[in-house]
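S.K.: Heads up: the protein sequence lines correspond to chains G and R, in order.
Position 92 (the first sequence) corresponds to 92 in the UniProt record's numbering; numbering is contiguous.
Position 65 (the second sequence) corresponds to 65 in the UniProt record's numbering; numbering is contiguous.
Don't be surprised by glycine CBs; every beta carbon is placed ideally from N, CA and C.
Remember, it's a predicted structure, so these values are computed and weren't measured experimentally.
2 protein chains.
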Amino acid sequence: MIDPKCPDTITPVIELLEGKWTLLILRDLFNGLHRFGELRRSLHPISPKTLTDRLRLLEENHIVTRTIFSEVPLHVEYELTDKGRRLQPIFAAMREWAEQPCPTAHTAELQEAQA
Amino acid sequence: MIDPKCPDTITPVIELLEGKWTLLILRDLFNGLHRFGELRRSLHPISPKTLTDRLRLLEENHIVTRTIFSEVPLHVEYELTDKGRRLQPIFAAMREWAEQPCPTAHTAELQEAQA
Numbered sequence: 001m002i003d004p005k006c007p008d009t010i011t012p013v014i015e016l017l018e019g020k021w022t023l024l025i026l027r028d029l030f031n032g033l034h035r036f037g038e039l040r041r042s043l044h045p046i047s048p049k050t051l052t053d054r055l056r057l058l059e060e061n062h063i064v065t066r067t068i069f070s071e072v073p074l075h076v077e078y079e080l081t082d083k084g085r086r087l088q089p090i091f092a093a094m095r096e097w098a099e100q101p102c103p104t105a106h107t108a109e110l111q112e113a114q115a
Numbered sequence: 001m002i003d004p005k006c007p008d009t010i011t012p013v014i015e016l017l018e019g020k021w022t023l024l025i026l027r028d029l030f031n032g033l034h035r036f037g038e039l040r041r042s043l044h045p046i047s048p049k050t051l052t053d054r055l056r057l058l059e060e061n062h063i064v065t066r067t068i069f070s071e072v073p074l075h076v077e078y079e080l081t082d083k084g085r086r087l088q089p090i091f092a093a094m095r096e097w098a099e100q101p102c103p104t105a106h107t108a109e110l111q112e113a114q115a
């Protein structure tokens, strides 16, 4: 059970994170990418429109800030807010899960190999 | 930084979880739902095809098992595997994030209200 008393606590978080690309964009922001072009290259073949839409959604939810640098050439940088940085444990939990050995699957594979 | 030595550890996990509906399906499985019809009702307006596709992907990745009960009426139940249950800390981290107060946003709101 996630939380029997209040199963819906996490639904808005899931709805924020679940769209295709959003978790990958956050991964890149946690990895230190800031510029639209950097994100676009990292997330190839994401379309500029989709990347813009996802970043806007994150901005509306106070997860990222968007800063325009009026240099030549003009550029835009995205950065995680404090609220955004507090998502880090979710990514840490994903990494831990990815790094865990999986005895069940491994045992099943072994059994298949031995059959 | 998520993991400077190995930034891509979590990418396959993200790719597994990021499709629309997948996290909501897992939330429901953690909340004790098992039957296809229960999941479909909980996730309204998900289409049966999308729900089937998502569950199949989770099954192929050893996150859920699918059991056919040959009773009348025949029904199918889905259950988290051990590997699937080990995703729980990700959901716990989401809940913790959702439950945290957000001083920055709150302060911004207060400042706006006072302006």
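(1) To be precise: take each residue of the segment 62-95 of chain R, compare its Cβ to all Cβ atoms of chain G, and keep it if any distance is under 7 Å. Which residues remain?
(2) In whole angstroms, what is the alpha-carbon distance linking LEU16 (chain R) and LYS20 (chain G)?
(3) For ARG86 (chain R), does the three-state DSSP call read helix, strand or coil?
(4) Taking buried to mean at least 16 other C-beta atoms within 10 Å of its own C-beta, is ILE68 (chain G) buried or exposed?
(5) Determine, using beta carbons only, whether GLU99 (chain R) comes closer than 8 Å to chain G.
(6) Roughly how many angstroms separate the alpha carbons of SER70 (chain R) and ARG35 (chain G), rounded to a whole number?
(7) How is GLU99 (chain G) classed by DSSP in three states: helix, strand or coil?
(8) If GLU96 (chain G) sits next to THR22 (chain R), beta carbons under 8 Å apart, how far is it from one beta carbon to the other, in whole angstroms?
(9) Could you give the distance in angstroms between the alpha-carbon of PRO4 (chain G) and the alpha-carbon of ARG27 (chain R)?
(10) Between the Cα of GLN100 (chain R) and those of G:PHE91, G:THR65, G:LEU80 and G:ARG86, spot the shortest distance and give me the residue it belongs to.
(11) Examine chain G for any beta-carbon lying closer than 8 Å to the beta-carbon of PRO45 (chain R), and answer yes or no.
(12) VAL13 (chain G): buried (16+ other C-beta within 10 angstroms of its C-beta) or exposed?
(13) Going by alpha carbons, who is nearest to THR81 (chain R) out of R:LYS49, R:THR9, R:MET94 and R:PHE30?
(14) For VAL72 (chain R), count the other beta carbons within 10 Å of its own beta carbon; 16 or more makes it buried, fewer makes it exposed. Which is it?
(15) What does a CB cutoff of less than 7 Å around ILE46 (chain G) pick up in its chain, not counting 5 residues either side in sequence?
M.R.: Looking at the atomic coordinates:
(1) Going along the segment 62-95 of chain R in chain order, one finds HIS62, THR81, ASP82, LYS83, ARG86, LEU87, PRO89, ILE90, PHE91, ALA93, MET94 and ARG95 with a Cβ nearer than 7 Å to chain G.
(2) Approximately 10 Å between the Cα atoms of the pair.
(3) Looking at ARG86 (chain R) - three-state DSSP - the assignment turns out to be coil, as it is neither helix nor strand.
(4) Classification for ILE68 (chain G): exposed.
(5) Taking Cβ atoms only, chain G reaches closer than 8 Å to GLU99 (chain R), which makes this a yes.
(6) Inter-residue distance for SER70 (chain R) and ARG35 (chain G) is about 55 Å (C-alpha atoms, whole angstroms).
(7) DSSP places GLU99 (chain G) in helix when its eight states are reduced to three.
(8) In this structure GLU96 (chain G) does not touch THR22 (chain R) by the C-beta definition: roughly 19 Å separates them, more than the 8 Å allowed.
(9) For PRO4 (chain G), the predicted model reports a pLDDT of 47, less than 50, meaning its position is unreliable and no value from the coordinates is stated.
(10) Of the listed residues, the one whose Cα sits closest to GLN100 (chain R) is G:ARG86.
(11) No, PRO45 (chain R) lies away from the interface with chain G (no Cβ there is under 8 Å from its Cβ).
(12) By the 10 Å Cβ count, VAL13 (chain G) comes out buried.
(13) When each option's Cα is compared against that of THR81 (chain R), the closest is R:PHE30.
(14) By the neighbour-count rule (16 or more Cβ atoms within 10 Å), VAL72 (chain R) is not buried but exposed.
(15) Correct list, in chain order: TRP21 and ARG40.
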